[in-house]
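Report on the following structure.
Numbering (our numbering), first residue to last: 122 to 407.
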């Protein structure tokens with residue numbers, strides 16, 4: 122049955138997955154080596170079985186990650202599966218994953234970082250912050266890894282790295298696309314502190330420049346994930362006044378207001394006023 126996971130015929134692979142899930146735990150040790158297959162299809166098929174078998178696979182996966190003889194592909198795939206299990210496996214897996222944040226095997230390293238975000242591990246945050254601070258002063262930062270670290274930090278949802286994240290977003294050496302990614306990733310850090318930090322940063326952006334408009338397009342949506350405050354509502358209204366009813370911004374402003382207060386009468390009244398004004402302007406332009 123295990124060999125059938127490597128079969129080029131999809132139907133045979135799918136049946137093998139079902140059969141092996143039925144076997145359960147006794148199949149785990151035979152499946153683990155397939156995580157290092159050079160065939161992405163085979164790796165995925167083995168991963169599907171292990172995920173279906175469930176949490177009983179976690180000790181085996183952690184053993185692979187922690188084994189220096191396991192290559193980057195096998196260890197990395199094991200970390201991917203751990204991440205797919207999510208928060209329920211955090212108590213038993215976060216220590217091993219944190220241990221390999223700086224692993225020399227690239228696949229193990231980046232997939233452990235990613236898994237730590239998916240299991241929402243607070244233990245990872247000091248290491249993430251330390252890495253981001255060290256990379257900020259490098260002449261050739263590891264942008265791919267930095268992006269994964271910030272994404273995972275956003276998934277964990279705590280303020281620990283706010284300051285260094287905004288340093289990257291404000292820095293001229295950070296690529297524009299990565300800045301926009303960061304502004305999306307921080308949606309998960311829905312705290313008063315992140316809200317206030319984001320408001321402060323948004324006020325510093327040059328809204329009228331091309332780069333500023335690109336950032337504001339992302340920021341406007343991200344603001345909707347933050348807790349309500351008077352300053353937040355004022356900022357969104359100021360953005361609307363600045364850009365008017367432009368199709369790039371207006372729908373995102375309405376979306377964010379709805380996200381902040383779907384049942385908040387004050388916010389819903391503001392939305393009604395904006396919609397009425399837009400309708401009036403559209404009629405006037407006909």
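Each residue gets a CB set at the ideal place from its N, CA and C atoms; glycine is no exception.
Excluding five sequence neighbours on each side, which residues of the same chain lie with their C-beta closer than 8 Å to the C-beta of residue i?
{"i": "residue 247", "result": "281"}
{"i": "residue 370", "result": "337, 338, 341, 360, 361 and 364"}
{"i": "residue 272", "result": "235, 238, 302 and 306"}
Residue i and residue j look like a contact to me (Cβ under 8 Å); what is the Cβ gap, rounded to whole Å?
{"i": "residue 146", "j": "residue 166", "result": "Going by Cβ atoms, the distance from residue 146 to residue 166 rounds to 18 Å, so no, they are not a contact pair."}
{"i": "residue 141", "j": "residue 155", "result": "Incorrect: roughly 10 Å between the Cβ atoms, too far for contact."}
{"i": "residue 157", "j": "residue 194", "result": "5 Å"}
{"i": "residue 268", "j": "residue 302", "result": "6 Å"}
Excluding five sequence neighbours on each side, which residues of the same chain lie with their C-beta closer than 7 Å to the C-beta of residue i?
{"i": "residue 196", "result": "185, 186, 226, 228 and 229"}
{"i": "residue 214", "result": "179, 183, 203 and 240"}
{"i": "residue 217", "result": "183, 186 and 187"}
{"i": "residue 270", "result": "234, 249, 252 and 253"}
{"i": "residue 172", "result": "202 and 205"}
Using only CA atoms, which one of the options lies nearest to residue i?
{"i": "residue 333", "options": "310, 318, 314 and 300", "result": "300"}
{"i": "residue 378", "options": "390, 205, 368 and 367", "result": "390"}
{"i": "residue 163", "options": "130, 191 and 349", "result": "130"}
{"i": "residue 277", "options": "318, 235, 317 and 405", "result": "235"}
{"i": "residue 263", "options": "208, 283, 231 and 284", "result": "231"}
{"i": "residue 208", "options": "199, 271 and 243", "result": "243"}
{"i": "residue 355", "options": "293, 312, 302 and 388", "result": "388"}
{"i": "residue 317", "options": "298, 350, 302 and 363", "result": "350"}
{"i": "residue 181", "options": "395, 149 and 161", "result": "149"}
{"i": "residue 175", "options": "206, 199 and 191", "result": "206"}
{"i": "residue 335", "options": "159, 173 and 297", "result": "297"}
{"i": "residue 245", "options": "385, 199 and 211", "result": "211"}
{"i": "residue 372", "options": "392, 198 and 383", "result": "392"}
{"i": "residue 382", "options": "405, 357, 191 and 397", "result": "357"}
For residue i, I'd like the list of residues in its chain whose CB is within less than 6 Å of its CB, leaving aside the five on either flank, ordered along the chain.
{"i": "residue 361", "result": "374"}
{"i": "residue 295", "result": "289"}
{"i": "residue 352", "result": "320"}
{"i": "residue 399", "result": "366"}
{"i": "residue 201", "result": "232"}
From the beta carbon of residue i, is the nearest beta carbon of chain B less than 8 Å away?
{"i": "residue 129", "result": "Any reference to chain B falls outside this structure, which holds one protein chain only."}
Exercise. At 4 residues or longer, and completely inside the region 347-371: list those alpha helix (DSSP H) runs for me, N to C.
Key: Within the region 347-371, the complete alpha helix (DSSP H) runs of at least 4 residues fall at 351-364.
Quiz prompt | the region 255-268 touching the region 215-225, judged by at least three CB pairs closer than 8 Å | solution = no
Quiz item: What runs of the alpha helix (DSSP H), each 4 residues or longer, lie entirely inside the region 151-199?
Solution: 161-174 and 179-187
Quiz item: Counting pairs of Cβ atoms below 8 Å between the region 302-309 and the region 338-352, do you hit three or more?
Solution: Here the region 302-309 makes contact with the region 338-352; the two share three or more CB pairs at distances below 8 Å.
Quiz item: Along the chain, which unbroken stretches of the alpha helix (DSSP H) at least 4 residues long are found entirely within the region 297-351?
Solution: 297-306, 313-325 and 331-343
Quiz prompt | Unbroken stretches of the alpha helix (DSSP H), 4 residues or longer, contained in the region 243-299 | solution = Counting only runs of 4 or more, we get 246-257, 264-277 and 283-291.
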